[in-house]
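Below is one structure; the comments refer to it alone.
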Amino acid sequence: MRTSVSTTNVSARDGFEWWAQMVGDAIMPVTITSPHADRFRGSATAIELGDTDLSVLAFSPMSARRAAAHIRRADPEHYFLFLVHGSPIGIEQRRNNSLLGAGDMALFGTSTPLISQFHDEGRLSRVTLLRLSRAALPLSPDRVERLLGTALPSRAGAGALLASYLNGLGAQADRCGPAELRRLGGIALDLSATLLSAASDSPAPLPAETRQQVLRARIRAFVDHNLSDPELGPAVIAAHHHISVRLLHLLFREEPETVGAMIRRLRLERSRADLADPRLGHGGIGEIAGRWGFRHQADFSRAFRRAYGMAPSDYRRESRDPAGTPKGPARTVSAAGPSYGEKVRASR
């Protein structure tokens, strides 16, 4: 009834792709990006609870986006209630957005586009997910849909009870048999329905400061997912988020870097990772530059040299040994073995 998988089963270079496949199989297809893609770490434990299941995940910071194309490809028609344990998470769904810290809870659905950003604070992000089938919730779809992407009350009442219950369930599941786990899963569903019913009657508005934090998180996620667009800039970002360019700059006035500097840094980081990737060794430098939104190779080379103190060609060469082969262990193509979902199904 309990299945655990981890990136420790694959090579360091394969971990990111393996994680993306596992998330698509076990939860829902999404596009994920991460500054830690070349050394991505992640682990997941799934506990079957009859009509629902509980998953505990820990992973390197990343961002995830579920678009209409993902939904057309596969939609399990589920909701997921999630509890945050570590670094903040920004989430946007159905025009709602929230910035969640440790101890906060929120709800997302698989049938609506979604953007989420797991903030990088030098540690793994950690969340607990409770799957909620639409048919298992005694609430009208309209009431539930209004809650998607909003912070749910988790410090008192049903929210506090549910958060404590999920933590205890994850810790004690190994000591319970299948019949007992099914009953415990029913309790989790009842608590969730009670929480969502109360929250849908009187959703609490976000303070102004929190709304600004959430908007910055949304903007960062948007930038991260659109780096390949050479048109990406303050005007495009402001228009997408229905704010003025002046307000956009004001939002980032107290941040360590401007919007333009953030875009340039992220493009250079992605380009540098591609230059060091032996799988892309036959691609031209101009091709890599264009992939990440640089219009001209010369502009890219100048920016790269300013940022890293060497030309892109020199960096690519130094990322390999004198024989021209990648440093470190060779990439393992199919080390992942059975997918997360296959392992869950095999354990039943």
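Residue numbers for the sequence shown, in UniProt numbering: 1 to 348. Even for Gly, the Cβ is constructed at its ideal location relative to N, Cα and C.
- Leaving aside the five residues that flank Gly15 on each side, the residues in its chain whose CB is nearer than 8 Å to its CB run, in chain order, Thr7, Arg39, Phe40, Arg41 and Gly42.
- Between Phe59 and Leu124, the C-beta spacing is below 8 Å.
- Rounded to the nearest whole angstrom, the C-alpha separation of Gly309 and Arg220 is 26 Å.
- The alpha carbon of Ala135 has as its nearest neighbour, out of Ala193, Tyr315, His296 and Leu162, the alpha carbon of Ala193.
- Counted as a single uninterrupted DSSP element, the beta strand (DSSP E) harbouring Glu92 occupies residues Ile89 to Gln93.
- Thr194: member of the alpha helix (DSSP H) spanning Pro178 to Asp201, first to last residue.
- In this structure, Ala37 sits away from Ala217, with a CB-CB distance that is not shorter than 8 Å.
- Here Ala106 is buried, its C-beta having at least 16 other C-beta atoms within 10 Å.
- In the DSSP secondary-structure assignment, Asn97 is bridged to Glu92.
- According to the DSSP assignment, Ala46 belongs to the beta strand (DSSP E) that extends over Gly42 to Glu48.
- By the Cβ test, the region 278-291 is not in contact with the region 235-245, since fewer than three Cβ pairs between them sit closer than 8 Å.
- Listed in chain order, the alpha helix (DSSP H) elements of length 4 or more contained wholly in the UniProt domain "HTH araC/xylS-type" (217-318) are 234-240, 245-251, 259-276, 285-291, 297-308 and 312-318.
- Cα atoms of Glu17 and Gly101: separation of roughly 27 Å, rounded to the nearest angstrom.
- When rounded, the separation of the alpha-carbon atoms in His225 and Gly177 is 43 Å.
- Secondary structure at Ser164: helix, using DSSP grouped into helix, strand and coil.
- Ranking Leu196, Glu121, Ile263 and Arg143 by CA distance to the CA of Pro153 puts Leu196 first.
- Secondary structure note for Gly86: it is in no alpha helix (DSSP H), with a DSSP letter that is neither H nor E.
- Taking Ser228 as reference, the option from Ser55, Glu180 and Trp292 with the minimal CA-CA separation is Trp292.
- Non-local beta-carbon contacts of Asp104 in its own chain, meaning distances under 7 Å to residues more than five positions away in sequence, involve Val84, Ala151 and Ser154 in chain order.
- Per DSSP, the unbroken alpha helix (DSSP H) holding Arg73 starts and ends at Ala68 to Arg73.
- The shortest C-alpha to C-alpha distance from Ile243 to any of Gln212, Met262 and Arg267 is the one to Gln212.
- Under the three-state reduction of DSSP output, Leu139 falls in the coil class, being neither helix nor strand.
- For Ala58, the beta-bridge partners assigned by DSSP are Ser43 and Arg126.
- Shown here for Ala68: same chain residues with a beta carbon closer than 7 Å to its own, the five before and five after excluded, namely Pro113 in chain order.
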